[in-house]
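Numbering of the sequence shown is given in full-length UniProt numbering, commencing with residue 1 and proceeding in unit increments. In this text, a Cβ means the ideal position worked out from N, Cα and C, and glycines have one as well.
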Amino acid sequence: MTEEVKRVYAFGKDAQGNNVTEGNTSMKAILGGKGANLAEMANIGLPVPPGFTITCQTCMEYANAGNAWPEGALGTIQEYREDLEARMGKKIGDAEDPLLVSVRSGAPMSMPGMMDTVLNLGLNDQSINGLIKQTDNPRFAWDSYRRFIQMFSNVVMNLDGDLFENAITAMKHARGAASDTDLTAEDLQELVAEFKQIFAENVDAAAYPSLVVDGAVQFPQDPSVQLQLAIEAVFGSWNNPRATLYRKQNKIADDLGTAVNVQSMVFGNKGNTSATGVAFTRNPANGEKEFYGDYLVNAQGEDVVAGIRNTSPIAELKDVDGLEEAGRELEEVFVTLENHFRDMCDIEFTIEQGKLWMLQTRVGKRTAAAALHIAIEMEKEGLISKEEAVMRVDPEQLDQLLHPQFDKNASYDVVAKGLNASPGAAVGEAVFSAADAVAVAEAGRKCVLVRWETNPDDLAGMIAAEGILTSHGGKTSHAAVIARGMGAPCVCGVEALRIDAEKKQASVVGTDIVIKEGDMISIDGTTGSVVLGAVELVLPEMTGDLDTILEWADEFRTLGVRANADNPEDAELSRGFGAEGIGLCRTEHMFLGDRKQIIQTFILNEDPAVREKAVGELLAAQTGDFLGMFRAMDGLPVIVRLLDPPLHEFLESPRALDVEIAKLEAAGGDKALIAEKRMLMEQIDGMSEANPMLGLRGCRLGIVYPILPVMQVRAIATACAELQKEGLNPKPEIMIPLVSVVAELEKLRKVAEDTIAEVAAEQGVELDIPVGTMIELPRAAVTADEIGAVADFFSFGTNDLTQTTFGFSRDDVEAEFVPQYLAERLLPYNPFATIDPGVAKLVEMGVELGHKGNPDLVCGVCGEHGGDPDSVKTFHTIGLDYVSCSPYRVPLARLAAGQAALAEKMGDGRDK
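Laid out in structure tokens, this is it:
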């Protein structure tokens, strides 16, 4: 078929057994991940139920036109439907031998559980009889029909799922049935009638006039109506709240759309020789090479991921009577898929009366530990190269490996055990709804979300919680898959837990233990343990697979990685994480605590003798600080930024003082004390600035109060001299902050050099201490050639550079309007989290111009962007010498820098 825009692609075989697939795995942007991989499985000869895929672009055309179909699209879908019916030798809705289809979403980027699916489409009051006739299994047929009505009502018509679940529960109670499978064909037929009545009573007739028959709403009997409404619902689910939130959380673009896969149904609920399951070719929790997953006999796929019934491990499948051959074939398929895709695969399958069918495969979600182990093992096995192994690990995932674990020396009692679904440990208040998790987190407290089983609507609460605990569901349930993707600890399938969400409490079977809302609990997603009370947590050591991958990344990266650290403890931690120096030591952090009073005395007292005494005390304290810092980073550079923030940050809040004075006056307090505090408040008020971030701060402080830079440089040089005498190799560098004109740097550089020379003479040593500046103002970036001529290095302060480029205050906008900007897509992402292209252009300009002024200039970044993987790639492209970030982000930056170098070498992005 020839058409200007191809909106539909076939996959699978024709009636003669010939492969008529039109797509392949490289077409994910068009067919979505599911459609592209269905096509690929068909192309390599695996058993795939035939179907067709409606493209992602059609979804976006439909959405952008206000949910109106593009011209000719419905006609094309009808052509492909007829083609599928011809290939299958049966028609959708046929009263004698009906073809049933599934309608599934499939975005270009994996979004498990975020969008919608409809199964068993094509059943109606006539085709149910044909299904009974063809299968000679009335119970199966009525079970399929009730599932279709239930799913269609919930997914397509947005009816409350509890309406149907309550009806099933009432039926089970009335029949004394322990589970759904104990209901008879007659029971299910009765449920179908009840479900249709629920549908009729709850669907808005005005909104769906096409469903009104003889003045009343009727469940749609026309398969064409069923199919169109289902496709529209799946398209619509691209923009449902949970999908939108998931994309935001995982940095997935909003304009990709979802494909829709219409596929002939195969049934795992045709008795004990039928089954359905979800599996991985390797263990997604730890990366071990084993077949991993869950299956259910006599069930449909949604039953597995929904956690409604407790599952059996996939390793047992080939030992089950009637399923042995399919189980062995499935293990062969595991090997085929892993060798073909050269990665760990996530698989959905159905066995229909002993026959295996493959419903989906994709590169499987995995924990950080598993990602590292799989990449290393596959490199050893020769499946991938070392370069590919490095590219396979998401830098953001490494945060998981730095997550807390239970302290091995802690004493605690495990009150229940479940499945170790996602590693790491969490401690927090027990909450029993997603809304409560969000509320507790917004109040600044930590919580653990406790649910019977999570569903996609719980996503906001799952993100807000420290960890997730469920009483049902297997390792491939919604809770497990989403938690692993987020790196959140998760324990699921705790059968001993009886959860009463309405009362907001949970009891432990066989004990008198009741966990109530607000009680502190601890979970260990590595062992599956649940503890009542708070267990002390510790951070894991960086060894094993993580060390290996980071060492490999270090072989390829050209960008240095340093750390932001303000004390010896953080310096030592940074070095342990592989930092190659300190890119930013913020000396203002050394003026807090007990020393705050000293700097306050300096600021508020104009008596030269008092100020000199205060400065002397600060000199002694700072010298000790630098001795510890330089010793911890012996042999590596330590860039010390001279005092930067506005002075009001060291003073009391005028508002707090005003309140304190008012309280003293009301209580008849000491008049002398009140007068003293009032004078202090007036003095602080007199120093107030309209915008302190653009006022007396940075290098301006050193010019207005020259005694301060002299004191700080003397402390740096003295510490350096003392360590040199001990035989160590300290490498301090002095950074002048907030320079906007070259004259500022020239003046303060001379102050620094003169002070260094004085200390060198006093100590009898030679001191070589570079002096550079922080580029954090647009003027500095565009005049960097002038500034570079008198600087040994540039360190780009991208936090302030972002503020001054946008005119944003990072202390205000993230709580005020940036969330709205992101929601309305006025900004693609938070520019304080990932470097903005406009700010990056200023950095690039600064680097280029700076090297014109000084060809030997060293350039780095010390803002928080230095630990953001996407920003690190930008900085690599610009050609910086290093990035600097918080200690715990150093491993991420090392990996991201290696990947940036490899992507440039390979000519593309991360290996997909």
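Helix, strand or coil: which one does DSSP assign to V155?
In the structure shown, V155 sits in a helix (DSSP, three-state: H, G or I).
Judging by CA-CA distance, which residue of L532, A501, A170 and E396 is the nearest neighbour of Q249?
Comparing Cα positions, the closest option is E396.
Kindly identify the DSSP beta-bridge partner or partners of Q10.
Going by the sequence as given, residue 10 is Ala instead of Gln. BP columns for A10 point to F52.
Touch test, the segment 550-565 against the segment 436-447, Cβ-Cβ under 8 Å, three pairs minimum
No, because fewer than three Cβ pairs between the segment 550-565 and the segment 436-447 fall closer than 8 Å, the two stretches do not touch.
Tell me whether C699 sits in a helix, a strand or coil according to DSSP, three-state version.
Note: C699 maps to helix in three-state DSSP.
Taking K34 as part of the alpha helix (DSSP H), name the residues at either end of that continuous run.
Element bounds for K34: K28 to N43.
Since L880 and C859 are thought to touch, with beta carbons under 8 Å apart, how far apart are those beta carbons, to the nearest angstrom?
A Cβ-Cβ separation of about 5 Å places L880 in contact with C859 under the 8 Å criterion.
Beta-carbon separation (whole angstroms), A488 vs M520, contact threshold 8 Å:
Actually they are not in contact, since the Cβ atoms of A488 and M520 sit about 18 Å apart, beyond 8 Å.
Ranges of the beta strand (DSSP E) found wholly within the segment 220-264, counting only runs of at least 3
The segment 220-264 contains these whole beta strand (DSSP E) runs: 259-264.
Name the residue from V320, L163 and M344 whose alpha carbon lies nearest to the alpha carbon of residue 919.
It is not possible to answer for residue 919, since the shown part of the chain is limited to 1 through 912.
Straight-line gap, M41 to V333 (C-alpha atoms, nearest Å):
Using only the alpha carbons, I get a separation of about 10 Å.
Where does N830 sit, in a helix, a strand or coil, going by DSSP?
Assignment of N830 by DSSP, reduced to helix, strand and coil, places it in the coil class.
Which of the three DSSP states, helix, strand or coil, is assigned to M111?
Here M111 sits in coil by DSSP.
So N729 and G635 are supposed to be a Cβ contact under 8 Å. How far apart are they, rounded?
Contact flag correct, Cβ pair sits at about 5 Å.
Measure the Cβ-Cβ separation of Q724 and V659 and say whether it is below 7 Å.
No, Cβ-Cβ distance for Q724 and V659 is not below 7 Å.
Let me check one thing: in DSSP terms, what residues is I351 bridge-paired to?
According to DSSP, which records beta bridges pairwise, I351 is partnered with A275 and L356.
Would you call L826 buried or exposed, if buried means 16 or more other Cβ atoms sit within 10 Å of its Cβ?
That one is exposed.
Cutting at 8 Å between CB atoms, please list the residues of its own chain near V710, excluding the five before and the five after it.
Short of 8 Å from the beta carbon of V710, and not among the five residues preceding or following it, lie these beta carbons of its own chain, in chain order: V751 and T755.
So, is T350 buried or exposed, given that buried needs 16 or more other C-beta atoms within 10 angstroms?
Of the residues assessed, T350 falls on the buried side of the cut-off, its CB having 16 or more other CB atoms within 10 angstroms.
Assign P50 to one of two classes, buried (16 or more other C-beta atoms within 10 Å of its C-beta) or exposed (fewer than that).
The residue in question, P50, is buried, as its Cβ has 16 or more Cβ neighbours within 10 Å.
How far does the alpha helix (DSSP H) with L330 in it reach, from first residue to last?
Note, L330: alpha helix (DSSP H), E324 to F341.
Please report the straight-line C-alpha distance between A73 and Q263, rounded to a whole angstrom.
Across the structure, A73 and Q263 are spaced so that their CA atoms are roughly 18 Å apart.
For T718, three-class secondary structure by DSSP
Shown here, T718 sits in a helix according to DSSP, grouped into three states.
Using a 10 Å radius around the Cβ and a threshold of 16 neighbouring Cβ atoms, would you call E665 buried or exposed?
Label assigned to E665: exposed.
Beta-carbon proximity check, Y9 vs G32, cutoff 7 Å
In this structure, Y9 sits away from G32, with a CB-CB distance that is not shorter than 7 Å.
Does the segment 401-409 come into contact with the segment 557-572, if we say contact requires no fewer than three beta-carbon pairs (one atom in each stretch) closer than 8 Å?
Short answer: they don't touch.
I believe M633 touches R575 by the beta-carbon criterion, under 8 Å. Please report the beta-carbon distance rounded to the nearest angstrom.
At roughly 6 Å, the Cβ-Cβ gap stays under 8 Å, so M633 and R575 are in contact.
Residue range of the unbroken beta strand (DSSP E) whose run includes Q505:
In the DSSP assignment, Q505 falls within the unbroken beta strand (DSSP E) covering Q505 to V508.
Could you spell out where the beta strand (DSSP E) holding V640 opens and where it closes?
Boundaries of the beta strand (DSSP E) harbouring V640: P637 to R641, taken from the DSSP string.
Exposed or buried, what is L539 when buried is set at 16 or more other beta-carbons lying within 10 Å of its beta-carbon?
Answer is exposed; the Cβ neighbour count stays below 16.
Taking contact to mean at least 3 C-beta pairs separated by less than 8 Å, is the segment 893-909 in contact with the segment 586-601?
Result no; under three Cβ-Cβ pairs closer than 8 Å.
Looking only at its own chain, which residues have a Cβ that is under 7 Å from the Cβ of E722, when we skip the five neighbours before and after it?
Cβ neighbours of E722 beyond the five flanking positions: L627.
Which residues mark the beginning and the end of the beta strand (DSSP E) in which N120 is found?
Segment T117 to L121, the beta strand (DSSP E) holding N120.
I need the DSSP call for A571, collapsed to helix, strand or coil.
For A571, the secondary structure class from DSSP, reduced to helix, strand or coil, is helix.
Please report the Cβ distance between A230 and L121, rounded to the nearest whole angstrom; I am assuming they are in contact, meaning their Cβ atoms lie under 8 Å.
Sure, about 6 Å apart at Cβ, within 8 Å.
State buried or exposed for M679, treating a residue as buried only when at least 16 other CB atoms are found within 10 Å of its CB.
Exposed, because fewer than 16 other Cβ atoms sit within 10 Å of the Cβ of M679.
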